[in-house]
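Below: one structure, written as structure tokens.
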DNA sequence: TTGAAAGCGATACCAA
DNA sequence: TTGGTATCGCTTTCAA
């Protein structure tokens, strides 16, 4: 059998309460008792039972991180940073994948209510107000990304401004027929809508007429679907001057298609992405992108979450994380 | 306040035990009482407290997955599959990053002993027998990958055979000066040792003399370090006929360096990887690699883990997952 | 500063 | 089939 506080207390000749005091270190304990207790802990190889502690305290020390798909580099980098920052602050992280399925998001919320989780960082895909109902009975929730949600705290990058800046940057290299890859057709992802909006705002500023044929829809934001979407597009349309992909993953799929067709990047067409995933730097050619500090996203999300744990009542807080355009070989003029 | 079993029991006019029976569905319950209880659960919006359940049962329903670095595509794909399979079987997954630091592995084991985790799937990097001491007091552990460990259950791909086959495949395209990228210099990663061994076995079969100058060391297996290592190598050595990178991530870094130097792949040098990460298919050119079913790795790991939970005593079990060479553009002759 | 005892919520034993 | 009750391990009042 595993040792418990009682065993430690008996061995150290003190009460369970004293053992608890030594471990949690809030109530002062005399040096000699502390030593005896620590000795006993070592001898018995005592490890506290976190289920019991969680039951008693109402907190588990675990937060959940819900992402659409861990296998995508973007999600993976976010997860990496959240896990790292959380660990530094003494939290464990449970990973959940929503697969962009609102039902999974619901499921998650109910799981979160079952007290094994003290809070939830949720990166939703679909623009859906209803999926997250932040009620009093729910644990604290922080949303990641461009969700239009008025209730939960949120950390995001200003996608509209970033997409606008990227479009302007592409135009500055002398390219004016700028296509975008990743616009949403049916179900609207918030990011798709906002990035398209930023793109169109830039065109307007530049006095470039809108051309619907330069919007290339792409339902899933993976290299695979992007490659497929771009391939069919190129079969039916002339090559644009520049291609702004709404994620780096899509850009990588696009680069692959262009290369296979012998279309030179950036000579024949410039390509840009969004997210600054690690592999973008090693793409061929290296990928121009919208970069932001993912570590900062993690830090802020965790800060909002922990603050929300102690103050459930105050209003929604939104943290906007800075971005910058990184120009690499894929758009050199 | 949140509702508890007692509240539900009172409302349904039954005892707490009956509520528990309804929820767990092992002990038969009469139809009418079941209905009453289910009604009460809905009305009170009851969600069981998993900490309490965990305390009572000694099981939490959570497993931990420990990986060196979630941000690498390989780890991310493994994590994705484990989370998915685990979810299907009703498990939650806690993610831990070891950063290839043995201390983190220790820390993890002790955390695992604290009963918030029913089992651990560990993907270690460093060949270190001592890091995982599988004793009676520890939760079940399943190791992922090429670790030389005699105690814990393990799921792996036969790296020696795979590296041998890949080397032979490269040789079949008429390339005989085959370099490998990723050999370990100081601390030995098990995978590096085994893959080097397979490579050398193939050369021997082919009657090709060993050439130490074709072993390119690379401490960390990231695109960045691979790019750096290859760049310095090329500054001092002639170009080999083929470059076998021990991971796809390294291969992606290598492709980037080769492209920047105007070295054509596969015309001037063939490049191959290992792992078959999703982006390899969209690399420029698409990457020849050693592929294996990551979903299967996840399934087997979870199977071993759950079986081990009910049978702590039986001997070590090892599952070997099949691989196959996928030839893509990066090695076309 | 330390001890005794109650209780967090769910489950399982033993009766009925 | 169902009800009462002890129990899992820890923390925290309240007293000493």
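Chains as they are written, first to last, in this note's numbering: chain A, 1 to 333; chain B, 334 to 666.
C-beta atoms are modelled at their ideal positions from N, C-alpha and C, and glycine is treated no differently.
None of these values were measured; they are calculated from a predicted model.
Item to complete: Give a yes or no on whether the minimum CB-CB distance between residue 7 of chain A and chain B is below 7 Å.
Response: Here residue 7 of chain A refers to the residue found at position 7 when the first chain is read from its first residue. Cβ-Cβ to chain B under 7 Å: no for residue 7 of chain A.
Worksheet item: Got a sec: is the Cβ-Cβ distance from residue 92 of chain A to anything in chain B below 7 Å?
Response: As a first step, residue 92 of chain A must be located in the first chain, where it is residue number 92. Closer than 7 Å to some Cβ of chain B, the Cβ of residue 92 of chain A qualifies, so yes.
Worksheet item: Along chain A, in chain order, which residues have C-beta atoms closer than 9 Å to that of residue 410 of chain B?
Response: For the purposes of this step, residue 410 of chain B is taken as residue 77 along the second chain, with counting starting at 1. The contacting residues are 70, 71 and 76.
Worksheet entry | Backbone CA spacing between residue 63 of chain A and residue 596 of chain B [nearest angstrom] | Within the first chain, residue 63 of chain A is the residue found at index 63, counting from 1. Within the second chain, residue 596 of chain B is the residue found at index 263, counting from 1. Their Cα atoms are separated by approximately 48 Å.
Discussion item. Going by the DSSP bridge assignment, what does residue 153 of chain A pair with across the sheet?
Written reply: By one-based count along the first chain, residue 153 of chain A stands at place 153. Bridge partners of residue 153 of chain A: A/142.
Worksheet item: If you draw a straight line from the C-alpha of residue 440 of chain B to the C-alpha of residue 580 of chain B, how long is it?
Response: Taking the first residue of the second chain as position 1, residue 440 of chain B is located at position 107. Taking the first residue of the second chain as position 1, residue 580 of chain B is located at position 247. Rounded to the nearest angstrom, the two C-alpha atoms are 28 Å apart.
Worksheet item: So is residue 229 of chain A in contact with chain B if we call contact Cβ pairs under 7 Å?
Response: Taking the first residue of the first chain as 1, we reach residue 229 of chain A at position 229. Closer than 7 Å: no.
Discussion item. Quick check on this structure: which residue in A/249, A/255 and A/279 has the alpha carbon closest to the alpha carbon of residue 270 of chain A?
Written reply: Mapped onto the first chain, residue 270 of chain A falls at position 270. For residue 270 of chain A, the nearest C-alpha among the options comes from A/255.
Discussion item. Classify residue 348 of chain B: buried if its beta carbon has 16 or more other beta carbons within 10 angstroms, exposed otherwise.
Written reply: The residue labelled residue 348 of chain B in the question sits at position 15 within the second chain. It counts as exposed.
Worksheet item: To which residues of the same chain is residue 299 of chain A closer than 7 Å at the C-beta, ignoring the five residues directly before and after it?
Response: Taking the first residue of the first chain as position 1, residue 299 of chain A is located at position 299. 85.
Discussion item. Quick check on the DSSP output: the alpha helix (DSSP H) that includes residue 407 of chain B runs from which residue to which?
Written reply: Along the second chain, read from residue 1 onward, the residue named residue 407 of chain B stands at position 74. Segment 406-421, the alpha helix (DSSP H) holding residue 407 of chain B.
Fill in: Given residue 180 of chain A as reference, the closest of A/241, A/190, A/157 and A/155 once Cα atoms are compared
Numbered from 1 along the first chain, position 180 holds the residue referred to as residue 180 of chain A. The candidate whose alpha carbon is nearest that of residue 180 of chain A is A/241.
Item to complete: Please classify residue 32 of chain A: is it buried, with 16 or more other beta-carbons within 10 angstroms of its beta-carbon, or exposed?
Response: Along the first chain, read from residue 1 onward, the residue named residue 32 of chain A stands at position 32. Its Cβ having fewer than 16 others within 10 Å, residue 32 of chain A is exposed.
Item to complete: Quick one: measure Cβ to Cβ for residue 553 of chain B and residue 411 of chain B, integer angstroms, because I've assumed they're closer than 8 Å.
Response: Taking the second chain and counting its residues from 1, one reaches residue 553 of chain B at position 220. Taking the second chain and counting its residues from 1, one reaches residue 411 of chain B at position 78. With a Cβ gap of about 18 Å, residue 553 of chain B and residue 411 of chain B do not count as contacting.
Practice prompt. Return yes when the Cβ of residue 116 of chain A is within less than 7 Å of the Cβ of residue 383 of chain B, no when it is not.
Written response: Here residue 383 of chain B refers to the residue found at position 50 of the second chain. Here residue 116 of chain A refers to the residue found at position 116 of the first chain. Yes; because the gap between Cβ atoms is below 7 Å, this pair is in contact.
Practice prompt. Could you spell out where the alpha helix (DSSP H) holding residue 397 of chain B opens and where it closes?
Written response: In the second chain, the residue the question calls residue 397 of chain B occupies position 64. That residue, residue 397 of chain B, is in no alpha helix (DSSP H); its beta strand (DSSP E) goes 395-400.
Worksheet entry | Rounded distance between the beta-carbons of residue 76 of chain A and residue 571 of chain B, thought under 8 Å | Within the second chain, numbered from 1, the residue matching residue 571 of chain B stands at position 238. Within the first chain, numbered from 1, the residue matching residue 76 of chain A stands at position 76. With a Cβ gap of about 37 Å, residue 571 of chain B and residue 76 of chain A do not count as contacting.
Worksheet entry | Alpha-carbon spacing of residue 265 of chain A relative to residue 301 of chain A, whole angstroms | Walking along the first chain from the start, residue 265 of chain A turns up at place 265. Walking along the first chain from the start, residue 301 of chain A turns up at place 301. About 37 Å.
Discussion item. Contact criterion: CB-CB distance below 7 Å. Does residue 615 of chain B meet it with respect to chain A?
Written reply: Indexing the second chain from 1 puts residue 615 of chain B at position 282. Yes, residue 615 of chain B counts as interfacial toward chain A.
Practice prompt. Name, in chain order, the residues that DSSP records as bridge partners for residue 427 of chain B.
Written response: Position 94 of the second chain, counted from the first residue, corresponds to residue 427 of chain B. Paired residue(s): A/94 and B/397.
Fill in: Under the three-state DSSP convention, the category residue 386 of chain B falls into
In the second chain, residue 386 of chain B corresponds to position 53, counting from 1. The answer is helix: DSSP assigns residue 386 of chain B an H, G or I state.
Fill in: Opening and closing residue of the beta strand (DSSP E) in which residue 182 of chain A lies
Counted from its first residue, the first chain places residue 182 of chain A at position 182. Its beta strand (DSSP E) spans residues 178-183.
Worksheet item: Would you say residue 289 of chain B faces chain A, with C-beta separation under 7 Å as the test?
Response: Here chain B covers residues 334 to 666 and nothing more, so residue 289 of chain B does not appear.
Fill in: Whole-angstrom C-beta distance between residue 486 of chain B and residue 650 of chain B, which should lie under 8 Å
The residue you call residue 650 of chain B lines up with position 317 of the second chain. The residue you call residue 486 of chain B lines up with position 153 of the second chain. With 8 Å as the limit, residue 650 of chain B and residue 486 of chain B qualify as a contact, their Cβ atoms being about 5 Å apart.
Fill in: Enclosing beta strand (DSSP E) for residue 289 of chain A [first to last residue]
On the first chain, residue 289 of chain A is found 289 positions in, with the first residue counted as 1. Per DSSP, residue 289 of chain A belongs to the beta strand (DSSP E) from 289-292.
Worksheet item: Name the chain A residues that come within less than 9 Å of residue 393 of chain B, Cβ to Cβ?
Response: One-based indexing of the second chain puts residue 393 of chain B at position 60. In chain order: 50, 51 and 116.
Item to complete: Write down the C-beta distance between residue 416 of chain B and residue 97 of chain A rounded to the nearest angstrom, noting that I regard them as a contact closer than 8 Å.
Response: Here residue 416 of chain B is taken as the residue at index 83 of the second chain, counted from 1. Here residue 97 of chain A is taken as the residue at index 97 of the first chain, counted from 1. 5 Å between Cβ atoms; contact.
Discussion item. Between residue 638 of chain B and chain A, is any beta-carbon pair separated by less than 7 Å?
Written reply: For the purposes of this step, residue 638 of chain B is taken as residue 305 along the second chain, with counting starting at 1. Not one chain A Cβ lies under 7 Å of residue 638 of chain B.
Practice prompt. On a CA-only basis, which of A/30, A/103, A/139 and A/112 is nearest residue 125 of chain A? Give me that one, please.
Written response: Position 125 of the first chain holds residue 125 of chain A. Ranking the options by Cα distance to residue 125 of chain A, first place goes to A/103.
Worksheet item: Comparing the C-beta of residue 223 of chain A with each C-beta of chain B, is any distance below 7 Å?
Response: Locating residue 223 of chain A in the first chain gives position 223, counting from the first residue. Closer than 7 Å: yes.
Fill in: Any chain A beta carbon closer than 7 Å to residue 446 of chain B
For this step, residue 446 of chain B is matched to residue 113 along the second chain. By this cut-off, residue 446 of chain B is an interface position.
Worksheet item: Which of the three DSSP states, helix, strand or coil, is assigned to residue 41 of chain A?
Response: Position 41 of the first chain, counting from 1, holds the residue named residue 41 of chain A. Three-state DSSP puts residue 41 of chain A in a helix.
Fill in: Candidates A/199, A/166 and A/139: closest to residue 312 of chain A by CA position
Start at 1 with the first residue of the first chain, and residue 312 of chain A comes out as number 312. Of A/199, A/166 and A/139, the residue nearest in Cα terms is A/139.
Worksheet item: Are the Cβ atoms of residue 273 of chain A and residue 251 of chain A separated by less than 7 Å?
Response: In the first chain, counting from the first residue as 1, residue 273 of chain A sits at position 273. In the first chain, counting from the first residue as 1, residue 251 of chain A sits at position 251. Yes, the Cβ-Cβ distance between residue 273 of chain A and residue 251 of chain A is below 7 Å.
Worksheet item: What is the rounded straight-line gap between the Cα of residue 29 of chain A and the Cα of residue 39 of chain A?
Response: On the first chain, residue 29 of chain A is found 29 positions in, with the first residue counted as 1. On the first chain, residue 39 of chain A is found 39 positions in, with the first residue counted as 1. Roughly 15 Å between the two C-alpha positions.
Discussion item. On the criterion of 16 or more Cβ atoms from any shown chain inside 10 Å, does residue 146 of chain A qualify as buried, or is it exposed?
Written reply: Working through the first chain from its first residue, we reach residue 146 of chain A at position 146. By the neighbour-count rule (16 or more Cβ atoms within 10 Å), residue 146 of chain A is buried.
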